[in-house]
Amino acid sequence: MKAEKARKAEEKRRANEERQKAEKKERERIKAEERERRKNEQLSNQERIRKEREQQRNHDNDTDYVSVWGSSENQCRQQ
Numbered sequence: 001m002k003a004e005k006a007r008k009a010e011e012k013r014r015a016n017e018e019r020q021k022a023e024k025k026e027r028e029r030i031k032a033e034e035r036e037r038r039k040n041e042q043l044s045n046q047e048r049i050r051k052e053r054e055q056q057r058n059h060d061n062d063t064d065y066v067s068v069w070g071s072s073e074n075q076c077r078q079q
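Put into structure tokens, the structure is as follows:
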């Protein structure tokens, strides 16, 4: 009877350990996925900012060109 109780207690302890290990592994997996998601989000934000800056530079360059072109046209008209 004692041996049976001891065996059941040992099985219960092992099952508990396995469950805890599985839960820990799952938490670590979720943390790793979250880190990866944040990293990708940060990279996509950096890419979006880079594209916005590039578009702004292109817009500024276009504006400068129009300003220069417009001013030379005005100079021609004045002469």
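With the UniProt record's numbering applied, the sequence shown covers 1 to 79.
Glycine residues also receive a C-beta, built at the ideal position from the N, C-alpha and C atoms.
Q | Neighbourhood of E18 by C-beta distance below 8 Å, restricted to the same chain and skipping five residues each side | A | Locating residue 18 in the sequence shown gives position 18, where the first residue counts as 1. For E18, where only same-chain residues beyond five positions count, there are no Cβ hits under 8 Å.
Q. Can you give the Cα-Cα distance for A9 and M1, rounded to whole angstroms?
A. For the purposes of this step, residue 9 is taken as the residue at position 9 of the sequence shown. For the purposes of this step, residue 1 is taken as the residue at position 1 of the sequence shown. Our two residues, A9 and M1, have alpha carbons roughly 12 Å apart in a direct line.
Q) Can you tell me the Cα-Cα spacing of R14 and A3, whole angstroms? A) Here the question's residue 14 lines up with position 14 in the sequence shown. Here the question's residue 3 lines up with position 3 in the sequence shown. If you draw a straight line from the Cα of R14 to the Cα of A3, it comes to about 16 Å.
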